[in-house]
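Colleague: Each protein sequence line maps, in turn, to chains A and B.
Start counting the first sequence at 8; every next residue gets the next number (this note's numbering).
Start counting the second sequence at 17; every next residue gets the next number (this note's numbering).
The beta carbon of each residue, even a glycine, is placed where N, CA and C say it ideally should be.
Just passing along the structure, written as structure tokens.
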Amino acid sequence: MKNYILTILCLVIYTIGAFAQKTTVQVSGTVLDEQGEPLIGATVIVKERPGLGVATNIDGEYSIQLESFQYLEFSYIGFETQEHLVKDQNMILNVVLIESQATELDAVTITGMGPQKKVTVTGAITTVDVGTLSTPVSSISNALAGNVAGVIAMQHSGQPGSNTSEFWIRGISTFGGSSSALILVDGFERSMDELNIEDIESFSVLKDASATAIYGSRGANGVILINTKRGSDGKVEVTGKSEYTWTTRTSTPKFVDGLTYAKMANEARISRNQRPVYNNQELMMIDEQLDPDIYPNVDWMNLLLKDGAPTQRSSVSVRGGGSKARYYLSGSYLNEGGMYHVDRTMKEYDTNANYQRYNYRLNIDMNITESTIVQVGIGGALEKTNHAGASSDHIWNSVFGYNPITMPVMYSNGYVPVIQGEESEMLENRYNPWTVATQTGYAEIWQNTINSNISLQQDLHFITEGLRFVGRFGYDTYNHNFIQRRKNPEMWRAERQRDSDGRIVFNRLVPERLLEQFSNAFGDRKEFVEAELSYGKNVGNHNISTVVKYTHDNYVNTSSYGGDIMEGIARRHQGVAGNLSYGYMNRYLLNFNFGYNGSENFAKGHQFGFFPAYSAAWNVAEENFVKDNIDWLSMLKLRYSYGEVGTDNSSSRFPYLADFGNYERNTGAGNQSVYYNWGDLNSAFGYSGLTYTRVSSNNVTWEVARKHDLGIDLYLWGDKFGLTVDYFAENRDGIYMVRSFLPDMVGIQGQNPSANVGSVKTNGFDGNFKLDNKIGEVGFQLRGNFTYSKNEITEADEMVNRYPYLRRTGYRVDQAKGLIALGLFEDYEDIRNSPRQDFGDQRDIMPGDIKYKDINGDGIINNDDIVPIGATSRPNLIYGLGLSANWKGFDFNLHFQGAGKSHFFIDGFTVYPFVNGEWGNILEDMASSNRWILGVNEDPNAEYPRLSYGGNANNYRASTYWLRDGSYVRLKTLEMGYTLPKKFTTRFYMDQVRFHIIGQNLLTFSKFKLWDPEMGSSNGMRYPLGKTVTVGVTVNI
Amino acid sequence: MNNQKNYFTCIIAIFIAIGFFVSSCSLEGGYEGNKPTVPADPSKPVLFTDFYPKEGPVRTLIFIEGSNFGTEIENIEVQIGGVSAPVIGSSGSKICVMAPRRSNRGDVVVKIKDEKSKLIGEHQFEELFYLQSALLVSTLTGKVDPQTNSSSIINGSFKDAEFQNPWWLEFDIDNEGNKVIYCIDSEGMAALRKINLTTEEVSTVFMKGQSGTENVKSMLFDTPTRDTLFFVDDNGRGSWNDRHQMPNIFYAVRNEGFRKVYPYLYAQTSYSAVSMSDGSLFYNTWTNSTVYKAKQIYDEQAQMWDGKALFSVKANSSDHIFMFRHPDDLYVYITGFNGVYRCAYDFESKELVSSVLHVGDIGGGDGYVDAPGSSARFNRPRQGVFVKNKQYEAEGRADIYDFYVCDHHNNAIRKVTPDGEVSTFAGRGSVGVDGRVWGWIDGEARETARFREPTGICYDEETEIFYVADRENKRIRTISVE
């Protein structure tokens, strides 16, 4: 044993000695470009000796000491890397680097099968330059709209921690289960919301069936592929980035002041022949604030919201390695502040909304043998969210609900005012905005995600050349913890008048609630296994490649289902997918893909589905007759694909299983058990009958999408101009839905089964172009993209209707429907001569009320006259246009984004003035608009109808009158950067230093002014979207 | 080279400056406490220019104009007619005060003090404030804990006394000549309270446990002697067969101070009764809202007198209904079914004759509408009282009484004329943006005042004051011209 140790020791010493024997040589010289200009800051490293390297100085000179017989590597961004062998003597080595000639044609597209040359791709895939997505947003999903062709996205809220965008690839094409895309991070299904943008290496969107077939069932709604950065051999590269963002709001609803509100309340009542609320004396008291307890005047919005909020982001990454092992290590921190004011007298905790995230990632690639690579990746995120004890919805409901004159912020004796409440109830959404935002305690949420994956790549060239095996295993865990500490002060409401001694009469409406705690937690676990065998070979001009892939995934969410066994069972998928492609001289390309997928959610015999996809492409530019004659045509490729994809996204678990239970009947006061009485009158001795509580749906199976895609890729003058346009059409059949129109005589007591019945037809276009050019020293790029998608329900489970426009079939999924407004009634004559409007009491209809169109001509306007109007609240068209330019160290980037074909109704108590009496503030825009005013402005085309107090059944309903166009164009990004000259930075041993300033959402152009149209909100009661200004610095060492 | 360096420094400085600008944006704001008051400036003169309005009833808000008043109301003193007027607010150039009671003299004196409570300005306006008379609602007695809005049965002076839920009132003059109101405290009679208007004291006559009653819904003095006080009991015995199980009417007598309660009648559950001038007694019951004449049929077997069923107030309908005798025995009003029914009295047969709807919805629907006859709407009308209308008397009409009734769920006192005109007499004032009509607000009966579920009412003919049992406010209110 001792001998062994000795031997090893000796060996080690010998090795060290062997190193020591090598001679050290001195190499110096200059690095120039082809014009003979010195390259400043070019990297000179010793190959495979990470950390050993220098940069050239302002004259392009370098000097380095190294051991003999090593390779020196010279590299500079935008230039081809060169290697030179250094022998055992000092030497002067002058190098001329040549500008790299890589063009778009050599560009690589990340597909489901791995990286593939763009020229050979036959499916519809958008690869996005990550640089354009790298904007100061907390989630990359917010950068998708207008940047990525084929993605339709909208952001609903700006609240820190929940400000991610919802998005759909090529729009929505189902109304059944999920319509969201599959997101794969490093090959595994993961969320991209908590991903650090700086970690992303590549971002691709797979849109058509041939591209997604390999993912089988899960890819029916499109796939997003994200690969994180990996190590690379070469000099150690340290990148740090720090940003400070000041977030304000794109649009904040503005409300009227107290006096205007009071006058309008009077007007609303007078115009409906009711007594006014305030007399002149009271109006004066509001105006002059003579009695701020009873006649206050509060600007709640201003009280609640700060001008803006800060966000900090920092990230640092280290990247390096040698030929045996490479690593990428990164960490980042994000702190997004909220815009609520806080009670500064409260020091113990913060009630403001806040979102913090820590990210880390470690990717290591190791070459275990010459032909075996093991890749290990560990990434994770810790997210902490803080908000007030009451939810954000309550805050926004309250700030929109409290009018300026009902309540002061605080009564002069220190009592907390509340508009409504009962001793027993906790009507948080009726607390005043200041109370609800600052006096209700606080809540903390923290989420912890750990993603780990390991993969093994084995080159099987010893069996046959081109054969490769990849095995992957991934294991993700996630947990979500929520702890809320709730309290509220005692709350009061003063009587409308003082007592005869001039004192305020208070009524206590809400008792004090001491700090209470609520908490919950849940977590889930995902496991994935993939095994892939690929083979590729070039025989002359023929290129064949094939892939067979087995996948298995397992998802368990254990903690929030209690005793529900069915929900506790892991959700599993299993599938085999394959690909066979053939190419002839990159000119004719054929591709066959298939997925054979199983889901345990279906009954035996319906579990597996076979989903094939075919695609073909013709590279016209590769034809000799083109090559010889049209040299500016670099690439012209025509693509077509057709394929089927299935999806098992049904909401219910194991729909094929039946369930039994005691018969319950809804008696109006909730479900009550019904039993047979075997006792006597007034002496119950009952046994319940057993019945189906769920009827099995045996034949439920895959929802199938049949997708066509026709595309063209065009590149001119190298890669100076590029254009990709795709037309797509999809038929989604067998959409899973509950059969809701079964007659009672079937006898299943409302426990209706489900079936694959719905169909949706979708088609549209998407595309993008870019134009690169350089004029003098100014390089610029113009790029644009658009996505348009339209869907139509071709079959839905619904009743036959004599008016076809009342059906869902034939219209968009989530089509907006309402009455058609013909303006406002001019006078009573007009009312008498018009069809009867059956909403509310007809005697209440007055001039200035909304006049509707009688669609079916029956002389009565009722729900049968509701027709599809406008489109959907989701945009059906998204486009973006960007321009970037650079000159010397300066760079400039401008990006416009727009959305169109979207309509939404506005409603609720801020839009319908005084609909709930005192609850609901009045928008300033409404007060100052061209609205109908009795005796002042009786314009039949006014923007708002005759005021009414306490609601109006005729006016306040969905109609074209309240339908708003949600299209908008906004200056999404305006970026200016300055990179310090190399001459300067090299002195500080830095490679690159760039300062930047980015403005986001700086300008928004829209017909709709009340709040941000992107939110698609009908009442604006949400945390507004952010308008941000960011300053930042990136340092590369 | 040096120039270039400056140029870079410049750019860096610009970025840093932007950063500072961005981060220095205001973080102040939010609620910062009540607006601080501004004291009057002793170095400047206090000017008084005018006040308005120059006339109005008690509680009128009067605005005094001038300058340098300060906004601290503690330092402002206003006397009208020698009575201190509550200061509501001040903007420095305008003071708002409330016209107090008994300020008939009308001279308006304003005193302004500075921070150190030193008098720096005093003024008496030449013009007087003319205090107009008006029908006002005031609070007589009833203390409530504002914290919990709760109260109990507590005796004492008007300032300290508490009521549980005053429900039913009867006005009386006791043997010593004191004006007294007997009050059923809480529906079902937890206690009989005695409100002595002369000594301004509230006492308890008896508690429920001492009386042996079950669930007293109303009371009445016998006619014509007023020596007996009947209590009508909802004993819960709805069926005819159960009629002898429990008393439905109890009585107490004046010479015992109404302290002892005896059973008077055993019959089905009842809510109210009327005693006519000739001494005949009528009561009603739940089933089919039948009206009975008491003690008409002798049941040999039980050795008890049974009542004689006369008619249904509303056919095939049952409700809690309450009967009120016209002071001239012309008819009896019955409140219930969200209306007021009238049945004539047959002086010969000494029986009430079948009822007709006087005002309210024929179907019994509720609502709030001031209108004649069957267009009017009520919501649970409860106790009412007949009040002589001097105008009718002058016109020489046969029926000279108006009927004032507590409209329980409409939070109002309604007035019903003999012709069937319904109007709101008091309550539902100060309508605000919340549209709420209930609450505890004193003041002008129609414009300002509010009640909260008033159920009992009585009237002092001599002083022309109405007393209202304001059930959910747990207070006794008055309505009178001041």
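How is the beta strand (DSSP E) around Lys-858(A) delimited, first residue to last?
Modeller: Looking at the DSSP string, the run of the beta strand (DSSP E) that includes Lys-858(A) is 857-859.
Colleague: Should Pro-240(B) be labelled buried (16 or more other beta-carbon atoms within 10 Å of its own) or exposed?
Modeller: Label assigned to Pro-240(B): exposed.
Colleague: Grab the span of the beta strand (DSSP E) containing Trp-175(A) for me, first residue to last.
Modeller: Here the beta strand (DSSP E) through Trp-175(A) covers 172-176.
Colleague: Closer than 7 Å by beta-carbon distance: list the chain A residues that pair up with Ser-149(B), in chain order.
Modeller: Within chain A, no residue comes near Ser-149(B); the closest Cβ sits about 15 Å away, beyond 7 Å.
Colleague: Give the list of continuous beta strand (DSSP E) stretches no shorter than 3 residues that lie fully inside the region 679-767 of chain A.
Modeller: For the region 679-767 of chain A, whole beta strand (DSSP E) runs of length 3 or above, ordered along the chain, are 682-684, 693-695, 697-701, 710-723 and 728-745.
Colleague: Output the residue ranges of the beta strand (DSSP E) runs that lie fully inside the region 435-467 of chain B and measure 3 residues or longer, sorted by chain position.
Modeller: Those beta strand (DSSP E) runs which fall completely within the region 435-467 of chain B and span 3+ residues are 438-443.
Colleague: Here's a check: name, in chain order, each residue in its chain whose Cβ is nearer than 8 Å to the Cβ of Ile-189(B), leaving out the five neighbours to either side.
Modeller: Here the set comprises Lys-195 and Val-196.
Colleague: Quick one, which of Arg-809(A), Asn-359(A) and Pro-317(A) has its alpha-carbon nearest Glu-343(A)'s?
Modeller: With distances taken between Cα atoms, Glu-343(A) lies closest to Pro-317(A).
Colleague: Tell me which residue opens and which closes the beta strand (DSSP E) that Gly-323(B) is part of.
Modeller: From DSSP, the beta strand (DSSP E) with Gly-323(B) extends over 320-328.
Colleague: For Val-753(A) and Tyr-663(A), I'd like the C-alpha separation in whole angstroms.
Modeller: Those two C-alpha atoms are separated by around 18 Å.
Colleague: According to DSSP, is Met-642(A) part of a helix, a strand, or is it coil?
Modeller: Note: Met-642(A) maps to strand in three-state DSSP.
Colleague: Please identify, using Cβ separations under 7 Å, the residues of the region 506-524 of chain A that lie next to chain B, in order along the chain.
Modeller: The residues in question are Asp-506, Ser-507, Asp-508, Gly-509, Val-512, Phe-513, Asn-514 and Arg-515.
Colleague: Report yes if the CB atom of Leu-213(A) is closer than 8 Å to the CB atom of Gly-130(A), and no otherwise.
Modeller: Their beta carbons are under 8 Å apart, which means Leu-213(A) touches Gly-130(A) by this criterion.
Colleague: Given that Arg-75(B) touches chain A, what residues does it touch there, using C-beta distances under 7 Å?
Modeller: Here the neighbours are Ser-507.
Colleague: So the candidates are Tyr-278(B), Phe-179(B), Val-99(B) and Glu-488(B); which of them puts its Cα closest to the Cα of Thr-220(B)?
Modeller: Comparing Cα-Cα distances from Thr-220(B) to each of Tyr-278(B), Phe-179(B), Val-99(B) and Glu-488(B), the minimum goes to Phe-179(B).
Colleague: Quick check: what's the CA-CA separation for Tyr-2(A) versus Asn-1043(A)?
Modeller: In the structure displayed, chain A extends from 8 to 1044; residue 2(A) sits before or after that span and is not available.
Colleague: Examine chain B for any beta-carbon lying closer than 8 Å to the beta-carbon of Ser-419(A), and answer yes or no.
Modeller: Yes - at least one Cβ of chain B is within 8 Å of the one on Ser-419(A).
Colleague: Do Asn-928(A) and Arg-977(A) have their beta-carbon atoms positioned less than 8 Å apart in this structure?
Modeller: In this structure, Asn-928(A) does not lie closer than 8 Å to Arg-977(A) by Cβ.
Colleague: What does a CB cutoff of less than 6 Å around Cys-112(B) pick up in its chain, not counting 5 residues either side in sequence?
Modeller: Here the set comprises Leu-77, Phe-79, Ile-104 and Gly-105.
Colleague: So what's Arg-118(B) in DSSP terms, helix, strand or just coil?
Modeller: Correct three-state label for Arg-118(B): coil.
Colleague: Given a limit of 8 Å on CB to CB distance, which residues of the region 157-191 of chain B reach chain A?
Modeller: Cβ contacts with chain A: Pro-162, Gln-163, Thr-164 and Asn-165.
Colleague: Could you give the first and the last residue of the continuous beta strand (DSSP E) run that contains Lys-797(A)?
Modeller: Where Lys-797(A) is concerned, the enclosing beta strand (DSSP E) stretches over 785-802.
Colleague: Using a threshold of 8 Å, state whether the C-beta atoms of Ser-35(A) and Ser-75(A) are closer than that.
Modeller: No, the pair does not count as a contact, with Cβ atoms beyond the cut-off.
Colleague: In the DSSP assignment, the alpha helix (DSSP H) including His-1003(A) goes from what residue to what residue?
Modeller: It is not in any alpha helix (DSSP H) - His-1003(A) instead sits in the beta strand (DSSP E) that spans 999-1013.
Colleague: Give the residues of chain A in contact with Ser-446(B), contact being defined as C-beta atoms less than 9 Å apart.
Modeller: The answer, in chain order, is Glu-502, Arg-503 and Gln-504.
Colleague: Ser-322(A): which of Gly-329(A), Asp-314(A) and Tyr-340(A) sits nearest, CA to CA?
Modeller: When only C-alpha atoms are compared, the closest one is Tyr-340(A).
Colleague: For Tyr-919(A), tell me which candidate among His-1003(A), Ser-1025(A), Asp-898(A) and Lys-1014(A) has the shortest Cα-Cα distance.
Modeller: The option with the nearest alpha carbon to Tyr-919(A) is Ser-1025(A).
Colleague: Using the beta-carbon of each residue, which ones in chain A are nearer than 8 Å to Ser-107(B)?
Modeller: Glu-295, Gln-296 and Leu-297, listed in chain order.
Colleague: According to the Cβ coordinates, are Phe-195(A) and Asn-460(A) closer than 8 Å?
Modeller: Yes. Within cutoff.
Colleague: Taking one C-beta from the region 348-361 of chain A and one from the region 43-56 of chain B each time, how about it: are there three or more such pairs within less than 8 Å?
Modeller: The answer is yes - the region 43-56 of chain B touches the region 348-361 of chain A, with three or more Cβ pairs under 8 Å.
Colleague: Three-state secondary structure (DSSP) at Trp-894(A)?
Modeller: DSSP places Trp-894(A) in strand when its eight states are reduced to three.
Colleague: Excluding the 5 residues flanking Glu-480(B) on each side, which residues of the same chain have their C-beta closer than 8 Å to its C-beta?
Modeller: Result list for Glu-480(B): Ser-496 and Val-497, in chain order.
Colleague: According to DSSP, is Val-38(B) part of a helix, a strand, or is it coil?
Modeller: At Val-38(B), the pLDDT of 48 sits below 50, so the modelled position is not reliable; the number obtained from the coordinates is stated separately. Three-state result, Val-38(B): helix.
Colleague: Can you pull the chain B residues whose beta carbon is under 8 Å from the beta carbon of Val-416(A), in chain order?
Modeller: Simply Tyr-47.
Colleague: Does the separation of the CB atoms of Val-218(B) and Gly-172(B) fall below 8 Å?
Modeller: Result yes, Cβ atoms of Val-218(B) and Gly-172(B) sit closer than 8 Å.
Colleague: Tell me where the beta strand (DSSP E) around Trp-453(A) begins and ends.
Modeller: Start and end: 448-466.
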